[in-house]
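Have a look at the structure below, then the notes.
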């Protein structure tokens with residue numbers, strides 16, 4: 001991605017306009033790699049993710065963990081009530097220094113520095129005093145990790161060591177010509193990234209494209225064409241854009257409209273292979289590019305351990321069922337054991353102890369053939385017959401037992417598959433905790449030591465509004481599916497679920513009337529999108545009235561059976577789903593008693609009488 005030092009220079013100018021003089025009201029740390037500084041009417045997001053590190057203004061709301069991390073508590077102690085008075089950037093580097101004035105416990109004005117270093121796996125957030133003595137940081141670097149630069153509480157903060165490359169903002173044109181004449185055997189875009197700090201490969205290629213119409217030109221070729229005049233003009237022109245603050249927040253998207261890259265200037269090198277879109281601000285650009293990806297990554301990190309355990313349990317259940325099916329196949333010939341016992345009993349008068357084989361008339365054969373039966377020479381004829389009868393009864397009992405175990409194992413596999421799908425759908429920490437709570441209840445993970453002190457997590461399901469104004473609800477996990485379908489929905493509401501595919505229970509609140517076809521189609525699209533078939537093109541979705549949906553006794557969470565249904569085929573459409581979700585804030589549900597009197601307002605739960 002093109003979050004280089006040049007992009008940060010443009011972003012810094014925007015942050016100065018927005019934040020200088022702003023007072024810090026709150027500090028949040030929703031995740032170990034995410035810090036939020038809240039001001040009046042705006043928030044500063046600092047992402048310390050090694051691949052998605054950035055700083056931006058945001059309006060997004062974040063969910064706080066149950067217990068604030070220690071670093072968050074430290075920032076609250078030192079920064080709340082403070083005012084940002086300056087923002088400086090290290091020369092051509094992705095390092096920002098927020099200078100903050102704040103009163104200490106004695107009422108004395110102090111200066112603090114909150115330094116953001118966005119340097120891949122070395123990304124860090126460092127709090128220092130006015131003298132740059134480190135108070136603490138998110139990633140401590142001791143002598144055992146680096147001998148050149150340590151970042152530990154009590155040490156003096158030192159900026160990252162210089163790379164030996166030039167600062168493009170301080171490079172004169174004569175020096176640039178000299179460097180080009182001294183270079184040889186290298187492409188111009190590589191010359192930029194090896195000679196200057198702050199350039200991403202995307203911007204280096206764009207400079208070459210602006211100069212010569214292609215992205216790959218060698219130094220010798222450029223010299224022969226125009227003596228580097230075009231290159232120097234494009235290079236200095238780009239730097240002047242930044243210096244004069246004449247930059248453009250620019251996003252590149254593919255043919256499907258998905259964000260692929262971004263920059264501080266218009267990109268022309270793809271020549272129609274990608275679409276370009278100008279954004280209103282750099283923060284809006286970063287928010288659009290990273291918001292969803294960031295949220296999913298944070299959730300994935302929280303669900304990784306649970307997902308691995310449940311997947312292991314599912315695989316174990318599948319292997320056990322397969323082994324039981326193989327055992328069941330062996331019981332298919334159990335009648336042969338009984339027949340052998342009958343034939344031995346009928347021929348006992350001909351048999352003696354010590355025989356290893358009995359060859360006798362097979363009265364079970366249609367053509368009267370002979371049957372060869374193996375015997376245990378250490379047993380009497382009666383004992384050999386008894387052994388075959390015992391094997392028959394054993395196989396008969398095993399068949400009944402194995403069928404029960406296979407059915408039980410298949411139900412367990414289906415349930416665990418639904419949990420895995422719920423984990424993939426989880427978007428917040430509370431979603432994950434709700435699934436963890438469900439798994440503790442079903443015995444798949446260890447529950448809290450004192451469950452009485454653990455407050456149960458109860459969340460409202462996802463809420464949508466159809467084109468015709470009907471409320472549509474969708475569960476995020478098995479617990480929500482159960483509550484939505486079996487406790488909250490009215491019997492005349494419409495229930496939807498993907499056919500024989502794990503996914504959300506979806507309810508259309510009909511108010512007792514017949515829902516229109518468009519609403520059914522939209523609800524079916526939601527059901528298909530929040531299912532294992534979200535990447536398919538033609539997904540069958542069953543729908544029926546809630547009164548035809550039943551939960552068998554002893555069934556696991558989310559498991560139901562239903563009758564009297566119809567089926568509609570839809571294609572999962574994320575844009576449609578998001579457009580229906582966007583209406584949630586503009587419409588609040590109304591609930592009425594059977595007599596038609598208004599008895600409740602709100603998104604969840606309904607206050608009406610079933």
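Numbering (my numbering), first residue to last: 1 to 610.
Each residue gets a CB set at the ideal place from its N, CA and C atoms; glycine is no exception.
All values derive from a computational prediction rather than experimental measurement.
| request: Express the C-alpha separation of residue 307 and residue 473 in angstroms, rounding to a whole number. | output: 25 Å
| Any idea what DSSP makes of residue 307, helix, strand or coil? | helix
| In the DSSP assignment, what residue or residues form a beta bridge with residue 631? | What the structure shows of the chain is the stretch from 1 to 610, and residue 631 is not part of that stretch, so it cannot be assessed.
| field | From 82, 115, 127, residue whose alpha carbon lies closest to that of residue 107 | value | 82
| field | Unbroken stretches of the beta strand (DSSP E), 3 residues or longer, contained in the segment 105-173 | value | 109-117, 124-128, 134-137
| said: Along the chain, where does the beta strand (DSSP E) containing residue 29 start, and where does it finish? | reply: 26-31
| field | Run of the beta strand (DSSP E) containing residue 262, from where it starts to where it stops | value | 259-263
| For the candidate residues 477, 415, 394, whose alpha-carbon lies nearest to that of residue 315? | Checked all of 477, 415, 394; the closest Cα to residue 315 is 415.
| message | I want to know whether the segment 38-46 touches the segment 72-81 - three or more CB-CB distances under 8 Å. | response | No: fewer than three Cβ pairs fall under 8 Å.
| task | Report the option in 40, 406, 369, 384 whose CA atom is closest to the CA atom of residue 352. | result | 384
| Expressed to the nearest angstrom, what Euclidean distance is found between the alpha-carbon atoms of residue 8 and residue 117? | Using only the alpha carbons, I get a separation of about 11 Å.
| What residue does the beta strand (DSSP E) around residue 543 start on, and which one ends it? | 539-545
| message | Classify residue 363: buried if its beta carbon has 16 or more other beta carbons within 10 angstroms, exposed otherwise. | response | exposed
| Who are the near neighbours of residue 361 in its chain, counting only those whose CB is closer than 7 Å to its CB and skipping five residues on each side? | 368, 370
| request: Can you give me the start and stop residues for the alpha helix (DSSP H) that residue 34 sits inside? | output: Not the alpha helix (DSSP H): residue 34 falls in the beta strand (DSSP E), residues 34-39.
| task | Sort 196, 276, 523 by Cα distance to residue 265 and report the nearest one. | result | 276
| field | Chain-order list of residues whose beta-carbon lies under 7 Å from that of residue 558 (same chain, five-residue window excluded) | value | 418, 478, 481, 482
| task | Report buried or exposed for residue 615, applying the criterion of at least 16 other Cβ atoms within 10 angstroms of its Cβ. | result | This structure does not reach residue 615, given that the chain is present from 1 up to 610, and the question cannot be answered.
| request: Answer yes or no: do residue 395 and residue 331 have a C-beta to C-beta separation smaller than 8 Å? | output: In this structure, residue 331 lies closer than 8 Å to residue 395 by Cβ.
| query | If residue 228 sits next to residue 177, beta carbons under 8 Å apart, how far is it from one beta carbon to the other, in whole angstroms? | reply | Rounded, the Cβ-Cβ distance is 6 Å, consistent with contact.
| query | Where does the unbroken beta strand (DSSP E) through residue 341 begin, and where does it stop? | reply | Careful: residue 341 lies outside any beta strand (DSSP E), inside the alpha helix (DSSP H) at 334-346.
| said: Checking 8 Å against the spacing of the C-beta atoms, do residue 188 and residue 224 come in under that value? | reply: no
| residue 12 vs residue 114 beta-carbon contact at 8 Å | no
| request: Return the CA-CA distance between residue 127 and residue 571, expressed in angstroms with no decimal places. | output: Residue 127 and residue 571 have their C-alpha atoms roughly 50 Å apart.
| field | Local Cβ density within 10 Å of residue 329, reported as buried at 16 or more and exposed below that | value | Taking every protein chain shown into account, the CB of residue 329 has fewer than 16 other CB atoms within 10 angstroms, so this residue is exposed.
| On the three-state DSSP scale, how would you describe residue 502? | Coil.
| task | Could you pull out every unbroken alpha helix (DSSP H) segment of at least 4 residues lying fully inside the segment 210-254, listed in chain order? | result | 219-226, 229-243
| task | Could you check what DSSP says for residue 197 in three-state terms: helix, strand or coil? | result | Here residue 197 sits in coil by DSSP.
| Segment contact flag, the segment 374-389 with the segment 398-412, C-beta cutoff 8 Å, min 3 pairs | Remark: fewer than three beta-carbon pairs, one from each stretch, lie closer than 8 Å, so the segment 374-389 and the segment 398-412 are not flagged as touching.
| query | For residue 371, which of helix, strand or coil comes out of DSSP? | reply | strand
| request: Keeping to the same chain, check which residues put their C-beta closer than 7 Å to that of residue 156; ignore five residues upstream and five downstream. | output: 132, 133
| field | Counted within 10 angstroms of its Cβ, other Cβ atoms place residue 610 as buried (16 or more) or exposed | value | Bear in mind that the predicted position of residue 610 carries a pLDDT of just 37, short of 50, making it unreliable; the figure below should be weighed with that in mind. Under this definition residue 610 is an exposed residue.
| message | Can you tell me whether residue 434 is buried or exposed? The criterion is at least 16 other CB atoms within 10 Å of its CB, across all chains shown. | response | buried
| request: Return the residue from the list 142, 440, 23 that minimises the CA-CA distance to residue 101. | output: 23
| query | Quick one: Cα of residue 584 to Cα of residue 466, how far? | reply | Legend: pLDDT at residue 584 = 47, less than 50; position of this residue unreliable, value from coordinates given subsequently. Rounded to the nearest angstrom, the two C-alpha atoms are 10 Å apart.
| query | Looking only at its own chain, which residues have a Cβ that is under 7 Å from the Cβ of residue 239, when we skip the five neighbours before and after it? | reply | 168, 169
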